[in-house]
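Written below as structure tokens is the structure these notes are about.
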Amino acid sequence: MAGMKDQMAMVMKLKKAQKELANEIVEVEAGDGAVVVQISGELKIVSIEFNEEIITENNVSYNELASYVKAAVRDGLKEAQEVAAEKMKPLMGGLSGLGL
560 MAGMKDQMAM
570 VMKLKKAQKE
580 LANEIVEVEA
590 GDGAVVVQIS
600 GELKIVSIEF
610 NEEIITENNV
620 SYNELASYVK
630 AAVRDGLKEA
640 QEVAAEKMKP
650 LMGGLSGLGL
């Protein structure tokens, strides 16, 4: 039954790593700080903030602002995926024994 015990331990480690990913926050900005996006390691958007001062000073149009949001979300998701992959990498070898 040692195999079952090992599998249970691996599942517990996996759940712990997933909880830790919820607390990992990646922050990305676009448009020289006009838009700031925070994304968790679970790939969930935590916040999107606009810097009104930068937007006003630079006469940022709605189209530019939309492109800044898209860029920040795209880059933030990519960075958060990299953080998640790095965090999960040590556990992936053990998952093959679980049939995953």
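Heads up: the sequence shown runs through residues 560 to 659, numbered per the working numbering.
For glycine and all other residues, C-beta sits at the position ideal for the given N, C-alpha and C.
This structure is a prediction, so every number in the text was calculated from the model and none was measured.
To which residues of the same chain is residue i closer than 6 Å at the C-beta, ignoring the five residues directly before and after it?
i, result
"Glu586", "Gln597"
"Glu601", "Leu580 and Ala581"
May I have the straight-line CA-CA distance separating residue i from residue j, to the nearest angstrom?
i, j, result
"Gly592", "Asn610", "7 Å"
"Ala639", "Lys575", "17 Å"
My output table needs one value for residue i: the three-state DSSP class, helix, strand or coil.
i, result
"Ala630", "helix"
"Ala593", "coil"
"Glu583", "coil"
Looking only at its chain, what residues have a beta carbon closer than 8 Å to the beta carbon of residue i, apart from the 5 residues adjacent to it on each side?
i, result
"Leu624", "Gly590, Ala593, Val594, Phe609 and Ile614"
"Val628", "Ala589, Val594, Val596 and Ile607"
Thinking C-beta only, is residue j closer than 8 Å to residue i?
i, j, result
"Ser606", "Leu580", "no"
"Lys572", "Leu636", "no"
Looking at the unbroken alpha helix (DSSP H) that takes in residue i, where does it start and where does it end?
i, result
"Met616", "Reading off the sequence, residue 616 comes out as Glu, not Met. Here the alpha helix (DSSP H) through Glu616 covers Glu611 to Glu616."
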